[in-house]
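Novice: My questions all concern the structure below.
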Amino acid sequence: MAHFETDSTAEATGSPVQVLIVQDHALLAAELSRVLAKEADFVVVGVSSTGADALKATREHQPDVVPDGLQTARHERTVGRHPDPG
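FYI, my numbering numbers position 70 of the sequence shown as 161, with every residue one higher than the one before it.
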């Protein structure tokens, strides 16, 4: 079973690290969600399969961590069309 080390964010706040999964392969997204669901220090706040959806979900959920699993070429084209949410 996978075990993830957390930084001081979860320890300092007493709340789990919020994760937004960005993955265009549904099977990989589901597996990462399943693994993280078993860890008390993490909570998956959303799963996005495109850069545009990820930007929207980031604004909505303000996650602590956003692992990006999009294919690079597709990701660069999508992000290039959307301004930085910051």
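Cβ coordinates follow ideal geometry from the N, Cα and C atoms, glycine included.
(1) Do you know offhand how far D115's Cα is from E130's?
(2) Helix or strand or just coil, what does DSSP make of A124?
(3) Please tell me whether V134 and L123 are closer than 9 Å, where the distance is taken between their beta carbons.
(4) What residue from A143, H152, A117, V138 has the CA that sits closest to P158's CA?
(5) Determine the direct distance from the alpha carbon of A148 to that of G142, and round the result to whole angstroms.
(6) Which partner residues of S139 appear in the DSSP bridge assignment?
(7) Leaving out five residues before and five after H152 in sequence, what residues of the same chain have Cβ atoms less than 8 Å from its Cβ?
(8) Secondary structure at D155, three-state DSSP: helix, strand or coil?
Specialist: By the coordinates alone:
(1) As a first step, residue 115 is located in the sequence shown; it is residue number 24 there, counting from the start. As a first step, residue 130 is located in the sequence shown; it is residue number 39 there, counting from the start. For D115 and E130, the distance between alpha carbons rounds to 23 Å.
(2) Here residue 124 corresponds to residue number 33 of the sequence shown, with the count starting at 1. It is Ser, not Ala, that sits at residue 124 in the sequence shown. The answer is helix: DSSP assigns S124 an H, G or I state.
(3) Sequence index remark: in the sequence shown, residue 134 carries index 43 (1-based). Sequence index remark: in the sequence shown, residue 123 carries index 32 (1-based). The answer is no: Cβ separation not under 9 Å.
(4) Position 67 of the sequence shown, counted from the first residue, corresponds to residue 158. Minimum Cα distance to P158 is reached at V138.
(5) For the purposes of this step, residue 142 is taken as residue 51 along the sequence shown, with counting starting at 1. For the purposes of this step, residue 148 is taken as residue 57 along the sequence shown, with counting starting at 1. Straight-line measurement puts the Cα of A148 at about 10 Å from the Cα of G142.
(6) Position 48 of the sequence shown holds residue 139. Beta-bridge pairing links S139 to V113.
(7) Taking the first residue of the sequence shown as position 1, residue 152 is located at position 61. Closer than 8 Å at Cβ, skipping near neighbours: Q109, L111, V136, G137.
(8) The residue labelled residue 155 in the question sits at position 64 within the sequence shown. Of the three classes helix, strand and coil, the one that applies to D155 here is coil, per DSSP.
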